[in-house]
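Structure, as structure tokens:
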Amino acid sequence: MEIKFIDLFSGIGGFHKAAVRALNSDKNRTVCVLASEIDEKAKEVYQYNYGIASDKIKNIREIKSSEIPDHDFLFAGFPCQTFSNAGKRLGFLDEIRGTLFFEIARILKEKKPNFFILENVKHLVNHNNGETFSVILNTIKELGYVTTEKKLVISAEKVGVPQKRERVYILGVRKELVATEYLKTPELKKVNQKEMKILENKYDERYILSDEKIIRAINAWGEFLKKIVKKDNRTLPPIWFDEMTMPKEKREKALIGIKDWRKKYLLDMWDIYDRNKEFIDKWSKIHEVDKFAKREKKFEWQAGIDNVNIEESIIQLRQSGIRCKKSDSFQTLVAIVQIPLVFDKKFHRWRYLSTKEVGKLQSFYSVDDNKKFVDYSSIKRDGTFRSDYITYKQFGNSINVEVVKQLIEHLWENYGKK
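Numbers 1 to 418, taken from UniProt numbering, label the letters of the sequence shown in order.
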């Protein structure tokens, strides 16, 4: 049996890969009958992995509904936009006209696929004071689809992926296929731990952290972490070096007219400094902390109260400072400047996650795949930072394949099997 799907705002094909994993079997074969995307580099990756010519992957606004083949599933990870006509008592299709969600809605209206899965950032739920999400749900209902009663905000951690990445998913099934007012809520399961081994034993030298200033700052904060004495064995508060070492005579004035959260930060930092003044003064002089860049002067320890070894953490170099998280969970993938750093104990050095490892965080690689995914940097084979940057960005913009795979399985098992 052929199960046909269309892949809108397809990126590098996370939905495509999820559909293949979820639905392909001895009895079923998935067929992508249409993909839409405007980013040329993402189209290049899609074409390479799925065999659809990049010139056939078009802008959804330029595709007439009559040109879209019939299909069983519609997938779309669409951008979040405000509906300027919302609340004007128009039909819902008129309220969303001109937005990219309208392109999804017109296809649902005219092609009537049995199933759809939409994905967006979790903030869509509260976007424009909840009005945006309300319009989307009402439009879906008006078009003849049933969805879940509860909003599905799902992190990749739910399926065992060590990444805190929350996204909102909207599932839809044609009401003719559903006997209840709402769809069953999907119950996601954690995959086996072999699939979740993220870090590779081998990696290219280009991923090694080579910036001596950052290395020096990390080493300095590592020493700080081990030797500092905290009140009642509490976890270390965020440390802003310049504010922490502020002279006592200036502190009272610094507290005037500031937010409560900032006031608490300052009081906690001053407590740390006062308890450890002799050590901190000596430490800062040895490491020349006053010469650190603004970012390297700020340190956030979120890797556990009992852990005082910076090498047992995952580091993100954020504009707000050096942030350390527990080593069993990676933060949401964003831009290249925030690609996590991990410590290689064998060679005693910090390195960035490789593009392959970032792809594994998005579940693009599975031992069960018949065809392995090839990312942009591997297609180019030039070993350049630019290709890596593009690859990181592409994975960061994608869905988590394992999460979507399980959502597809949920729809098919409950409403699709005949």
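Even glycine gets a Cβ: it sits at the ideal position worked out from N, Cα and C.
The structure displayed is predicted, hence computed values, not measured ones.
Exposed or buried, which one is residue i when buried takes at least 16 other CB atoms within 10 Å?
i: residue 169; result: buried
i: residue 255; result: exposed
i: residue 12; result: buried
i: residue 51; result: exposed
i: residue 267; result: exposed
i: residue 220; result: buried
i: residue 92; result: A caution first: residue 92 carries a pLDDT of 47, below 50, which makes its placement in the model too unreliable to give a value.
i: residue 407; result: buried
i: residue 69; result: exposed
i: residue 14; result: buried
i: residue 199; result: exposed
i: residue 229; result: exposed
i: residue 24; result: exposed
i: residue 84; result: With a pLDDT of only 43 at residue 84, under the threshold of 50, the placement of this residue in the model should not be trusted, and no figure is reported.
i: residue 400; result: buried
i: residue 18; result: buried
i: residue 123; result: exposed
i: residue 387; result: buried
i: residue 320; result: exposed
i: residue 372; result: exposed
i: residue 43; result: buried
i: residue 247; result: exposed
i: residue 354; result: buried
i: residue 65; result: exposed
i: residue 385; result: exposed
i: residue 1; result: exposed
Select from the options the residue whose C-alpha is nearest the C-alpha of residue i.
i: residue 61; options: 72, 25, 112, 8; result: 8
i: residue 395; options: 408, 377, 210; result: 377
i: residue 167; options: 397, 409, 345, 408; result: 397
i: residue 292; options: 273, 305, 322; result: 322
i: residue 113; options: 179, 72, 383, 182; result: 72
i: residue 342; options: 309, 187, 132, 137; result: 309
i: residue 5; options: 319, 109, 75, 283; result: 75
i: residue 374; options: 156, 2, 125, 48; result: 48
i: residue 203; options: 2, 372, 352; result: 352
i: residue 305; options: 253, 236, 277; result: 236
i: residue 287; options: 233, 217, 344, 211; result: 217
i: residue 503; options: 364, 102, 278; result: Within the shown structure, residues of the chain are numbered from 1 to 418, placing residue 503 beyond reach of any answer.
i: residue 367; options: 16, 1, 21, 10; result: 21
i: residue 348; options: 276, 126, 41, 215; result: 215
i: residue 382; options: 105, 206, 329, 350; result: 206
i: residue 436; options: 317, 253, 384; result: It is not possible to answer for residue 436, since the shown part of the chain is limited to 1 through 418.
i: residue 412; options: 178, 42, 150; result: 178
i: residue 53; options: 233, 66, 328, 33; result: 33
i: residue 326; options: 303, 250, 126, 135; result: 303
i: residue 159; options: 362, 182, 245; result: 362
i: residue 222; options: 104, 29, 307, 346; result: 307
i: residue 142; options: 173, 64, 30, 161; result: 173
i: residue 104; options: 63, 126, 31; result: 63
i: residue 364; options: 405, 67, 132, 283; result: 405
i: residue 59; options: 346, 28, 27, 10; result: 10
Closer than 7 Å to a non-hydrogen atom of the ligand ZN - does that hold for the CB of residue i?
i: residue 222; result: With respect to small molecules bound, the structure shown includes none, and the ligand ZN cannot be examined in it.
Report yes if the CB atom of residue i is closer than 8 Å to the CB atom of residue j, and no otherwise.
i: residue 77; j: residue 128; result: no
i: residue 225; j: residue 301; result: yes
i: residue 402; j: residue 191; result: yes
i: residue 100; j: residue 79; result: yes
i: residue 146; j: residue 175; result: yes
i: residue 379; j: residue 45; result: yes
i: residue 274; j: residue 231; result: no
i: residue 180; j: residue 148; result: no
i: residue 3; j: residue 35; result: no
i: residue 152; j: residue 171; result: yes
i: residue 115; j: residue 416; result: yes
i: residue 164; j: residue 329; result: yes
### Task
Decide yes or no for the touch test of the segment 350 to 358 against the segment 384 to 395: beta carbon pairs closer than 8 Å, at least 3 of them.
yes
### Message
Just to confirm the assignment: which complete alpha helix (DSSP H) runs, minimum length 4, are found wholly within the segment 238 to 302?
### Response
241 to 244, 248 to 254, 260 to 275, 277 to 287
### contact_flag[the segment 238 to 248, the segment 286 to 302] where n(CB pairs < 8 Å) is 3 or more
yes
#### Entry: At least 3 beta-carbon pairs within less than 8 Å: the segment 301 to 314 vs the segment 260 to 270
no
### Task
Enumerate, from N- to C-terminal direction, the unbroken beta strand (DSSP E) stretches of 3 or more residues contained entirely within the segment 306 to 393.
313 to 318, 321 to 326, 341 to 344, 349 to 352
### Message
Which complete beta strand (DSSP E) runs does the segment 2 to 52 hold, if anything under 3 residues is left out?
### Response
2 to 8, 29 to 35
### Query
Residue ranges of each beta strand (DSSP E) run of no fewer than 3 residues wholly in the segment 96 to 174, ordered along the chain?
115 to 121, 152 to 155, 166 to 174
### Query
Taking the runs of the alpha helix (DSSP H) that are 4 residues or longer, which of them lie wholly in the segment 187 to 234?
212 to 227
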